[in-house]
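Input: a single structure, listed below in structure tokens.
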Amino acid sequence: MPPLNRRSAMLSAGAFGLASLSGCGAGSRALLAADSQPENYPTVEALRFFARELARLTGGRLNVDVYPSEQLGSQSDTLELAQLGGIDFVRINSAPLNVLIPETLVPSLPFLFRSIPHMRAAMDGDPGRRILAALERHGLIGLAFYESGARSIYTVDRPIREPADMAGLKIRVQTSDLFVAMVEAMGGNATPMAYGEVYQGMVQGVIDGAENNFPSYESSRHFEVAPVLSLTRHVMAPEILAMSKRSWDRLSQADREAVRSAAQTSVPFMREIWDRRVVEARKIVTEAGVTIVEDVDRAAFSDLMQPVWSAFADTPDLRRLVEDIRGMQANPEQANPDRANPEQTDA
1254 MPPLNRRSAM LSAGAFGLAS LSGCGAGSRA LLAADSQPEN YPTVEALRFF ARELARLTGG
1314 RLNVDVYPSE QLGSQSDTLE LAQLGGIDFV RINSAPLNVL IPETLVPSLP FLFRSIPHMR
1374 AAMDGDPGRR ILAALERHGL IGLAFYESGA RSIYTVDRPI REPADMAGLK IRVQTSDLFV
1434 AMVEAMGGNA TPMAYGEVYQ GMVQGVIDGA ENNFPSYESS RHFEVAPVLS LTRHVMAPEI
1494 LAMSKRSWDR LSQADREAVR SAAQTSVPFM REIWDRRVVE ARKIVTEAGV TIVEDVDRAA
1554 FSDLMQPVWS AFADTPDLRR LVEDIRGMQA NPEQANPDRA NPEQTDA
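If you're matching positions, the sequence shown starts at 1254 in the working numbering and goes up one per residue.
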């Protein structure tokens, strides 16, 4: 089905579902949640946990059906559908939001976070609350931040230890002006490309590498064709769980509180399974023969990012948000006790 027709069909289906919720049982509501990741991915597992917790808190009155693997459309599709009330919950990364909501650009800024515990402390604190609150102006209610880990660069054959190593490399990025500017500042040639085309793009030599987190690098099988992973850890942008404001406005105050509570309860669950998944993914790719480059000069890359920060954090409010995040201390309790997750250490 063409994208436009699929969007129209989904909007019609969503509108019908919302209109007929009172018929789902004695006062019960059936709600839709979308995720682009496949079944068993940590964000999908967290959504299912959220659904179970919400059903428990409301005595079964609010039931959430989770649709992974882009069953309800791409991230851009489901974002638009949520804004229009066609679906109720959406788990998205921050890139599709960047063009709409400037505040979501800030946690995506390269080399902003020192570590995953630093990112978690910031998103759990006042900076995170300010970012989530900004979603309401655009038809969404920000509920929680999920993990997206630390993104690093992987290539067909070249280790990356310093900016000079990026020269001439065509690195796939998602369609985001920020990510394009970041890779260019790091010294590479940014190549926007659909995620599903990356594997063949590296096989055919269209690109020399890409960047992502450990679980995605492993689950996509990109390590088979790009077996050199350099731990640049350049971006640690969190994922966002949001609700359609139109759906939110239909809820009672008690049900709104239940939604927020269930979302927040799902966060530590998600972080726990994410940390385990990172360790598991690293083990899988290492056993497959991947070369993991750990001696990356992150400070040298970070020094190149000031023009990127200036271009995208371009208002006093955004600059204040950046400084508030930089000034926060990581909470030691957020770190994996055995330090097995390579993303946990401050750098």
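For glycine and all other residues, C-beta sits at the position ideal for the given N, C-alpha and C.
Take the alpha-carbon of residue 1425 and the one of residue 1483: they are about 15 angstroms apart. The beta carbon of residue 1433 lies closer than 7 angstroms to those of 1426, 1443 and 1445 in the same chain, with the five residues before and after it left out.
Residue 1330 is not a Cβ neighbour of residue 1285, given a cutoff of 9 angstroms. Residue environment for residue 1401: buried (at least 16 other C-beta atoms within 10 angstroms of its C-beta). A Cβ-Cβ separation of about 5 angstroms places residue 1492 in contact with residue 1346 under the 8 angstroms criterion. Of the other Cβ atoms in all chains shown, fewer than 16 fall within 10 Å of the Cβ of residue 1536; this residue is therefore exposed. Residue 1504 carries a coil assignment under DSSP once its states are collapsed to helix, strand and coil. Residue 1512 is a Cβ neighbour of residue 1501, given a cutoff of 9 angstroms. In summary, residue 1357 is buried, with 16 or more beta-carbon neighbours lying within 10 Å of its beta-carbon over all protein chains present. For residue 1325, the closest of 1457, 1399, 1287 and 1371 by C-alpha to C-alpha distance is 1287.
When secondary structure is reduced to three states using DSSP, residue 1351 falls in the helix class.
Counted as a single uninterrupted DSSP element, the alpha helix (DSSP H) harbouring residue 1564 occupies residues 1559-1565. With respect to residue 1302, residue 1578 sits apart: the two C-beta atoms are not nearer than 9 angstroms. Between the C-alpha atoms of residue 1514 and residue 1393 there is a straight-line separation of about 17 angstroms.
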